[in-house]
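Everything below concerns the one structure shown next.
Number of protein chains: 2
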Amino acid sequence: MATAPRPARLASPSRADDGGERRRYFAALTLDRPDVALCRATTAVARAIDEQLSGGPLTVPQHLVLKMLAAVGSCSQQELSEQLRIDRSVMVGCVDALEGAGLVRRERHPRDRRAYAVTLTPDGSAALAAADRAMAPVLDHAFAALTPDERATLVRLTRKLLDVPPAD
Amino acid sequence: MATAPRPARLASPSRADDGGERRRYFAALTLDRPDVALCRATTAVARAIDEQLSGGPLTVPQHLVLKMLAAVGSCSQQELSEQLRIDRSVMVGCVDALEGAGLVRRERHPRDRRAYAVTLTPDGSAALAAADRAMAPVLDHAFAALTPDERATLVRLTRKLLDVPPAD
DNA sequence: CAGAAATCATCTACCGTCAAACAATCTCCG
DNA sequence: CGGAGATTGTTTGACGGTAGATGATTTCTG
């Protein structure tokens, strides 16, 4: 092995061939597979948000529960699950944690003793206000690659995919 | 539990139509939380695709592996993992299944015996062609809510989020 | 050349989600 | 009234994905 050009790495042996194409195949993939592009983008956004929120007092689902309770009043876990698109069995632990932190109360629904009436406490309102305040810059960071118009377009398209009628 | 203290009443104790706001809270949520809209849309799309592909010979990740091998030639599992954004440990099982079905071969890379050279077999090429043919209508169904222009826009925005340069 | 550090594939432990089963309760209908 | 079926919250088990450690091999550094 005196004069043979030492291939520095497996992927780019000689720099002249398809190494570039191979290392950038993901870009080509996203053109063929919108579902994969969407999925990977969602993962990237969620990861960015979770990183910034790690160590904070609320997880994303917990924040969403407080937010909905503030918007529509006391709710059963079933209603929270349906509207937030969180599975019922996951909602159990979510409300458990919020109740343990004193941010919501679980009261029995007066007319349907199967269901709870999950209610926001004053502490919960305060925690929600703080979480809402902290959320804007986190979202701005996660969507920093998009202009405000593009971000609005993305929301419009995802709403169409979810069969949500356009905003009034 | 004879005389429990009377809990606060629900937000909509008697009015039947007050549920309108409560039953449609998800629409309001998507306006505040683009990350949630994106996440739920991705789940909906993935679920629609998985449903149509269930029973088929290839899963989505397996299809992606064959597709990349056909596009760039033999690859190490590491390269497949990086470009397809699939974790290395998951790629193991993915290639295992493809090898078991005879669609790829695992050969040791001649210059780096740590790595495999995963190679498409003739059967793999045939399976890929069939899967590619079956994919178009599945994607059309999953993205049926969007016009072709909107679908292209969605791809463009997700590519920006993933920091992929615009297509040539 | 020898040892340190990095890399590739793999394995294992862990976490979060989903489907199914369950008890308690409500609604419907004869 | 009373039983069948649906609904609410919960638990359980299976599944998929991720992080960290491991063994084999390569590359780097002195």
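Those sequence lines, one after another, are chains W and X. When we follow my numbering, the leftmost residue of the first sequence carries the number 1, and every step to the right adds one. When we follow my numbering, the leftmost residue of the second sequence carries the number 1001, and every step to the right adds one. A virtual CB, placed ideally from N, CA and C, is assigned to each residue, including glycine.
Verify the CB distance criterion: does residue i have a CB-CB separation below 8 Å to chain W?
{"i": "Arg-1083 (chain X)", "result": "Contrary to the premise, residue 1083 (chain X) reads as Gln rather than Arg in this sequence. True, the Cβ-Cβ gap to chain W drops below 8 Å."}
{"i": "Asp-1035 (chain X)", "result": "yes"}
{"i": "Thr-1059 (chain X)", "result": "no"}
{"i": "Leu-1146 (chain X)", "result": "yes"}
{"i": "Arg-1015 (chain X)", "result": "At Arg-1015 (chain X), the pLDDT of 34 sits below 50, so the modelled position is not reliable and the matter cannot be decided from this model."}
{"i": "Asp-1163 (chain X)", "result": "yes"}
{"i": "Val-1155 (chain X)", "result": "yes"}
{"i": "Ala-1027 (chain X)", "result": "yes"}
{"i": "Pro-1007 (chain X)", "result": "Residue placement at Pro-1007 (chain X) cannot be trusted, given a pLDDT of 33 that sits under 50; what the coordinates show is reported in the next sentence. Yes - at least one Cβ of chain W is within 8 Å of the one on Pro-1007 (chain X)."}
Taking only beta-carbon positions, decide if residue i is within less than 8 Å of chain X.
{"i": "Glu-21 (chain W)", "result": "yes"}
{"i": "Leu-66 (chain W)", "result": "no"}
{"i": "Ala-175 (chain W)", "result": "Residue numbering for chain W in the displayed model covers 1 to 168; residue 175 (chain W) lies beyond these limits and cannot be assessed."}
{"i": "Leu-98 (chain W)", "result": "no"}
{"i": "Arg-40 (chain W)", "result": "yes"}
{"i": "Ala-70 (chain W)", "result": "no"}
{"i": "Leu-10 (chain W)", "result": "In this prediction, Leu-10 (chain W) scores a pLDDT of 36, lower than 50, which makes its location untrustworthy; the coordinate-derived value is nonetheless stated afterwards. It does: the Cβ of Leu-10 (chain W) has a partner Cβ on chain X nearer than 8 Å."}
{"i": "Leu-53 (chain W)", "result": "no"}
{"i": "Arg-151 (chain W)", "result": "yes"}
{"i": "Arg-159 (chain W)", "result": "yes"}
{"i": "Ala-142 (chain W)", "result": "yes"}
{"i": "Ala-46 (chain W)", "result": "yes"}
Smallest Cα separation from residue i: which of the options?
{"i": "Val-138 (chain W)", "options": "X:Asp-1035, X:Pro-1110, X:Ala-1167", "result": "X:Asp-1035"}
{"i": "Leu-1064 (chain X)", "options": "W:His-63, W:Arg-108, W:Tyr-25", "result": "W:Tyr-25"}
{"i": "Leu-1029 (chain X)", "options": "W:Asp-112, W:Ala-37, W:Glu-21, W:Leu-66", "result": "W:Leu-66"}
{"i": "Asp-1112 (chain X)", "options": "X:Ala-1145, X:Cys-1075, X:Ala-1126, X:Ala-1027", "result": "X:Cys-1075"}
{"i": "Gly-102 (chain W)", "options": "W:Leu-120, W:Val-72, W:Arg-85, W:Met-68", "result": "W:Leu-120"}
{"i": "Ala-117 (chain W)", "options": "W:Glu-79, W:Val-60, W:Leu-157, W:Leu-38", "result": "W:Glu-79"}
{"i": "Arg-108 (chain W)", "options": "W:Leu-69, W:Met-68, W:Gln-77, W:Val-90", "result": "W:Gln-77"}
{"i": "Arg-22 (chain W)", "options": "X:Ala-1041, X:Leu-1069, X:Leu-1031", "result": "X:Leu-1069"}
{"i": "Met-1091 (chain X)", "options": "X:Pro-1110, X:Thr-1059, X:Gly-1073, X:Val-1072", "result": "X:Thr-1059"}
{"i": "Ala-1131 (chain X)", "options": "X:Val-1072, X:Val-1155, X:Gln-1062, X:Asp-1032", "result": "X:Gln-1062"}
{"i": "Tyr-81 (chain W)", "options": "W:Arg-105, W:Cys-94, W:Ala-71", "result": "Reading off the sequence, residue 81 (chain W) comes out as Ser, not Tyr. Residue W:Cys-94 is the option with its Cα nearest to Ser-81 (chain W)."}
{"i": "Ala-127 (chain W)", "options": "W:Leu-38, W:Pro-57, W:Arg-40", "result": "W:Pro-57"}
{"i": "Val-1045 (chain X)", "options": "X:Arg-1151, X:Arg-1159, X:Gly-1073", "result": "X:Arg-1151"}
{"i": "Glu-1099 (chain X)", "options": "X:Leu-1154, X:Arg-1114, X:Pro-1122", "result": "X:Pro-1122"}
{"i": "Leu-157 (chain W)", "options": "X:Ala-1136, X:Leu-1038, X:Thr-1043", "result": "X:Leu-1038"}
{"i": "Ser-1125 (chain X)", "options": "X:Ala-1136, X:Arg-1040, X:Ala-1071, X:Asp-1032", "result": "X:Ala-1071"}
Residues bridged to residue i by DSSP?
{"i": "Cys-1075 (chain X)", "result": "X:Val-1118"}
{"i": "Asp-50 (chain W)", "result": "Looking at the DSSP assignment, Asp-50 (chain W) forms no beta bridge with any residue, so it has no partner."}
{"i": "Val-104 (chain W)", "result": "W:Leu-120"}
{"i": "His-109 (chain W)", "result": "W:Asp-112"}
(request) Could you please tell me which residues of the stretch 1102-1134 of chain X, in chain order, have their CB closer than 7 Å to any CB of chain W? (result) His-1109, Arg-1111, Asp-1112, Ala-1115
(request) Tell me, please, whether the stretch 158-166 of chain W touches the stretch 44-52 of chain W by the rule of three or more beta-carbon pairs shorter than 8 Å. (result) In the pairwise beta carbon analysis, the stretch 158-166 of chain W is classified as not touching the stretch 44-52 of chain W: fewer than three pairs are separated by under 8 Å.
(request) Decide yes or no for the touch test of the stretch 85-93 of chain W against the stretch 143-158 of chain W: beta carbon pairs closer than 8 Å, at least 3 of them. (result) no
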